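So for the sequence shown, the numbering used here puts the first residue at 333; every next one is plus one.
All residues carry an ideal CB built from backbone N, CA and C; glycine is no exception.
Keep in mind the model is a prediction, meaning the values are calculated, not measured.
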Amino acid sequence: MILESIRDGRLGVDQGLSRLRSWPVHDLGHSQLDTHRRMRCGQAEVVFGQGKTPQQVLEIARALLEHHDRLLVTRAAPEAALLLASELPHAVHHANARCVTVEPESGLEQEGLVLVISAGTSDEPVAEEAEITARLSGARVERIRDAGVAGIHRLLAHTERLQSARALVVVAGMEGALPSVVAGLVDRPVIAVPTSVGYGASFGGVAALLAMLNSCAAGVAVVNIDNGFGAGTMAAMINRQTEVTKQ
Numbered sequence: 333m334i335l336e337s338i339r340d341g342r343l344g345v346d347q348g349l350s351r352l353r354s355w356p357v358h359d360l361g362h363s364q365l366d367t368h369r370r371m372r373c374g375q376a377e378v379v380f381g382q383g384k385t386p387q388q389v390l391e392i393a394r395a396l397l398e399h400h401d402r403l404l405v406t407r408a409a410p411e412a413a414l415l416l417a418s419e420l421p422h423a424v425h426h427a428n429a430r431c432v433t434v435e436p437e438s439g440l441e442q443e444g445l446v447l448v449i450s451a452g453t454s455d456e457p458v459a460e461e462a463e464i465t466a467r468l469s470g471a472r473v474e475r476i477r478d479a480g481v482a483g484i485h486r487l488l489a490h491t492e493r494l495q496s497a498r499a500l501v502v503v504a505g506m507e508g509a510l511p512s513v514v515a516g517l518v519d520r521p522v523i524a525v526p527t528s529v530g531y532g533a534s535f536g537g538v539a540a541l542l543a544m545l546n547s548c549a550a551g552v553a554v555v556n557i558d559n560g561f562g563a564g565t566m567a568a569m570i571n572r573q574t575e576v577t578k579q
């Protein structure tokens, strides 16, 4: 935040006033950036890299970093990720998740606890996108990997961890049963993420999506197929509100 940066001495008063006076849109011609989104919504604008040229992604990233201390690019093509990593100091390419991040020099906040659970190793790219998103939004994030219902003991071994999280992101393809199982073990919000992992009758994740939407367990909310970003954002918001309520 601009005022926090001025208070902490990371931004001069005149420079801060200049930023506050500006319209909350940075027009790049090909894109119009919402530079006040973090002020309104608690999270800066995130770049959806798919469909953009590498140069466009770089220009957007540079402009956002003029206003914010962190950056998240999702669905980054390899060419765009390579360009960002070479042109932006401290940029990190998370190849499995198809994300590029720049973290604040002072480090991330890491409040509360968001637990991200993946049913199988094939679900990891989506689960990692959720993890990165929640962590960059200020949440402390822990992972449970490869804990699908075909070996339910792998999940039950972590019951205490499940019950300590403020929000849980559960990522599963195939028949999509895992979120219902998790929701039956906890009194916390479960955000279900169907993935496109599976054989023919999974219909690219539609089978898992419908299973999650029809969950008989209470407290399950569902995002779109492969939408780790949406799940990570929602989990971080719940985590943050819980912190505010505690205070």
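Item	Value
Identify, in the order they occur along the chain, each residue of the same chain with its Cβ nearer than 7 Å to the Cβ of Glu507, setting aside the five sequence neighbours on each side.	Ala539, Ala540, Ala543
How long is the line joining the alpha carbons of Ala393 and Arg339, rounded to whole angstroms?	25 Å
When you compare only the Cα positions, how much space is there between Ala412 and Ala423?	12 Å
By how many angstroms is the C-alpha of Asn546 removed from the C-alpha of Arg475?	25 Å
Between the Cα of Gly532 and those of Gly505, Ala515, Gly344, spot the shortest distance and give me the residue it belongs to.	Gly505
Is Gly444 closer than 8 Å to Arg520 when the C-beta atoms are compared?	no
Considering just the uninterrupted stretch of the alpha helix (DSSP H) at Val538, what are its terminal residues?	538-545
Suppose contacts are defined by Cβ-Cβ distances below 8 Å. Is Ile464 in contact with Thr491 by that definition?	no
Rank Arg407, Gln387, Leu494 by C-alpha distance to the C-alpha of Gln419 and give the top, closest one.	The sequence shown places Glu at residue 419, rather than the Gln named in the question. Looking at the Cα atoms, Gln387 is the closest of the given residues.
At the level of alpha carbons, what is the spacing between Phe561 and Ser350?	32 Å
Is Ala524 helix, strand or coil by DSSP?	strand
Tell me whether Asp455 is buried or exposed, calling it buried when 16 or more other Cβ atoms sit within 10 Å of its Cβ.	buried
Between Leu510 and Gly480, which are expected to be in contact by the criterion C-beta below 8 Å, what is the C-beta distance as a whole number of angstroms?	6 Å
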